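**Q** This structure is in structure tokens; I'll ask about it shortly.
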Amino acid sequence: MEFTYSHLYKHSLYQCQISPDNKYVANTVDSTVVIRDHSQDMVIMHVYETNHPVDWMCWSPDAQYIATMNHKRSVANVWSINDTNKKITLSDRRFGLAQAWWSPDSSSLLISSDLDLKITVWMFIKNEIKYIYQPKIRDIGCVSSPDGKYIAVVEKKDSKDYLIILNAKSFSLLQRFLLGTTDVVKVQWSPDSQFCAVIDNCIYYKIMVYRLDGQLEYSYSAYEYGLGIKSISWHNKMMAIGSYDGNIRLINTINWHLVSTLPHPNVIRSNELKSLTVYEEYQLPNMTKPTLDTKVGYRVISKRPLQLPVLRPDYNKHDPSIGISECDFCIDGTLLATKNDAMPTTLWIWDVHKLKVCIIISQLNPVRYVKWNPKYAHVLVMVCGDENAYILCQKPSLQRQQQHSSSIDWAQSLKIIPITVPTSKFSARHIEWSQDGETLLLLDHHLYCLASLYFLH
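Residue numbers (my numbering): 2 to 458.
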């Protein structure tokens, strides 16, 4: 595996993104938006200046526009990539601007006001404005369907939750129905855009799946007392629900049956999980002096029983460090990556077909971000706030042998490789893949760079 790194560039507030068409890289530095060519040289293509610091930035889905926002001044701008002189501004100092989302066709920007009083649908292509009143935004937002035809918004009226389904182009109301939740906190579309799942507040364990006509398709509650759902991932025929009790529950979305419960024990017994491989990160010897080489390695731990590092939660906090916060399928749904916040330095990789954990990775530092590659099924990257990014990938020799095999021993097939940005004092805090899966965006507090992964070609 080979990596080619770009130069380091400054950014502000982690506002840095690769465009959806993989042609550009945009970042903000205070009140400036810089557009670079997505290449090894990263040549500056455009520079946009605003009159205020940029708090938020986002590419449009078609990569033809880039939107910016300043919360304090309640100003949003849309910039055209093809026409650098074209700049459209929206200001609402009376109600304020809080969050924003692109419409799937890139023709409109949906902007919520302070205190969630309304959503302004800013159709800047048509030069029209519409409003959605009494939205319930918080962490829910405006959720577009995978096929780009619909937008789901939760509405709070008379102390009850409603789900409204909008046409994603005209923003006309298609359906509005009452939800059976007490306090919905998340909306998740099915991959085929035929269902909407709503998740109740964590003090209630309830997930409800609705058809687009408002009919209840499925409702599930694993237990009545205790904190409920913390994360969810939906891939084709399987839904994974991460709970505060430290378990993953797999639901078959064809017949809506519970397939299995995947536990996360802190002790691995000798008679359990015989096909499991446990990797432990360790500091390489004689690496105390400053160097640009990778300072860590991995060893396989065969000792059983094996005690995994556990963080004692502080139950005096409103959100104690317990439960499954990471729960993500890889692109083909064969592997599932999970993290239990009670064991923050441990990442679990599950074989979905066998319903067993195949790899456990024990890090020196808590796992911060985990991202599957959007194109290559069995490639994952994670960062732990140190100088490394950690790549989990399939061994090339075994990849060729197992391309046409229905039974894969993932414990033997996968390996983990730490990579280090070749500069001092760079701590990887955030990561993003390009849409083609060929490039990794690495960010620390003030700098960013691109890493091209040539083993994928």
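Virtual Cβ for every residue (Gly too), placed ideally from N, Cα, C. None of these values were measured; they are calculated from a predicted model.
Using a Cβ-based criterion (distance less than 7 Å to any ligand heavy atom), does Cys450 qualify as near the ligand NAP?
**A** The model on display carries no ligand, and the ligand NAP is accordingly not part of it.
**Q** Enumerated in chain order, which unbroken segments of the alpha helix (DSSP H) with a length of 4 residues or greater are wholly contained in the region 370-457?
**A** Scanning the region 370-457 from its first residue to its last, the whole alpha helix (DSSP H) runs of 4-plus residues come out as 397-402 and 411-414.
**Q** Tell me the DSSP secondary structure of Leu174 in three-state form.
**A** strand
**Q** Which stretch, first to last residue, makes up the beta strand (DSSP E) that contains Val155?
**A** Tyr151 to Lys158
**Q** In terms of alpha-carbon separation, which member of Leu217, Lys238 and Ala198 lies closest to Ile230?
**A** Ala198
**Q** Using the C-alpha atoms, what's the distance from Met344 back to Tyr316?
**A** 15 Å
**Q** Quick check: Leu277 and Cys385, are their CB atoms within less than 8 Å of each other?
**A** no
**Q** Quick one: using the 10 Å Cβ neighbour count with 16 as the cut-off for buried, is His458 buried or exposed?
**A** Confidence at His458 is low in this model, with a pLDDT of 45, below 50, so the placement of that residue should be treated as unreliable; the coordinate-derived value is given next. Exposed, by the Cβ-count rule.
**Q** Assuming contact is defined by CB atoms lying nearer than 8 Å, are Tyr132 and Lys119 in contact in what I supplied?
**A** Yes, the Cβ-Cβ distance between Tyr132 and Lys119 is below 8 Å.
**Q** Do Gln189 and Gly142 count as a contact pair if the criterion is CB distance below 8 Å?
**A** no
**Q** For the beta strand (DSSP E) containing Asn341, list its first residue and its last residue.
**A** Leu336 to Asn341
**Q** With three or more beta-carbon pairs closer than 8 Å as the criterion, would you say the region 47-55 touches the region 440-457?
**A** no
**Q** Using the three-state DSSP reduction, which class does Asp352 fall into: helix, strand or coil?
**A** strand
**Q** Helix, strand or coil for Asp214? Go by DSSP, reduced to three states.
**A** Reduced to three states, the DSSP call for Asp214 is coil.
**Q** What are the boundary residues of the beta strand (DSSP E) that includes Ala27?
**A** Tyr25 to Val30
**Q** In the DSSP assignment, what are the bridge partners of Leu468?
**A** Lying before the first or after the last residue shown, residue 468 is absent from the chain, which here runs from 2 to 458.
**Q** Buried or exposed for Val371, going by 16 or more other Cβ atoms inside 10 Å?
**A** buried
**Q** Please report the straight-line C-alpha distance between Phe427 and Leu228, rounded to a whole angstrom.
**A** If you take the alpha carbons of Phe427 and Leu228, they lie about 37 Å apart.
**Q** Return helix, strand or coil for Leu263, following the three-state DSSP convention.
**A** strand
**Q** Quick one: Cα of His12 to Cα of Leu348, how far?
**A** 29 Å
**Q** Is Leu116 helix, strand or coil when you go by DSSP?
**A** Assigned with DSSP and collapsed to three states, Leu116 falls in helix.
**Q** So, at 6 Å on beta carbons, what are the nonlocal neighbours of Tyr205 in its own chain, with the 5 sequence-adjacent residues on each side left out?
**A** Thr183 and Gly229
**Q** Let me check understanding here. Comparing Cα to Cα, which of Leu356, Tyr224, Val279 and Arg313 lies closest to Ala241?
**A** Leu356
**Q** Assign Val44 to one of two classes, buried (16 or more other C-beta atoms within 10 Å of its C-beta) or exposed (fewer than that).
**A** So Val44 counts as exposed.
**Q** Where does Glu281 fall in DSSP's three states?
**A** strand
**Q** Using a Cβ-Cβ cutoff of less than 7 Å, which residues in the same chain neighbour Ser234 once the five nearest sequence positions on both sides are dropped?
**A** Ala241, Cys328, Asp329 and Phe330
**Q** Pick helix, strand or coil for Ala99, following the three-state DSSP scheme.
**A** coil
**Q** Please check the pair Glu156 and Gln176, which I expect to be a contact at CB under 8 Å, by giving their CB distance rounded to whole angstroms.
**A** Taking the Cβ atoms as the reference, Glu156 lies roughly 12 Å from Gln176, outside the contact range of under 8 Å.
**Q** Is the beta carbon of Leu442 less than 8 Å from the beta carbon of Ala390?
**A** no
**Q** Please report how far the alpha carbon of Asn256 lies from the alpha carbon of Phe196, in whole angstroms.
**A** 14 Å
**Q** With DSSP as the reference, please indicate the residues paired to Lys187 in a beta bridge.
**A** Within the DSSP bridge table, the entry for Lys187 names Ile200 as partners.
**Q** DSSP puts Pro286 in a beta bridge; with which residues?
**A** Paired residue(s): none; Pro286 is not in a bridge.
**Q** Buried or exposed for Leu217, please, with buried defined as at least 16 other CB atoms from any protein chain shown within 10 angstroms of its CB.
**A** exposed
**Q** Grab me the residues of Ser453's own chain with a C-beta within less than 6 Å of its C-beta, minus the 5 sequence neighbours each way, in chain order.
**A** Thr5 and Thr440
**Q** Could you tell me the distance, in whole angstroms, from the CA atom of Ile200 to the CA atom of Leu179?
**A** 14 Å
**Q** Starting from Val130, trace the beta strand (DSSP E) both ways and give me its first and last residue.
**A** Looking at the sequence provided, one finds Ile at residue 130 rather than Val. First-last of the beta strand (DSSP E) with Ile130: Glu129 to Tyr134.
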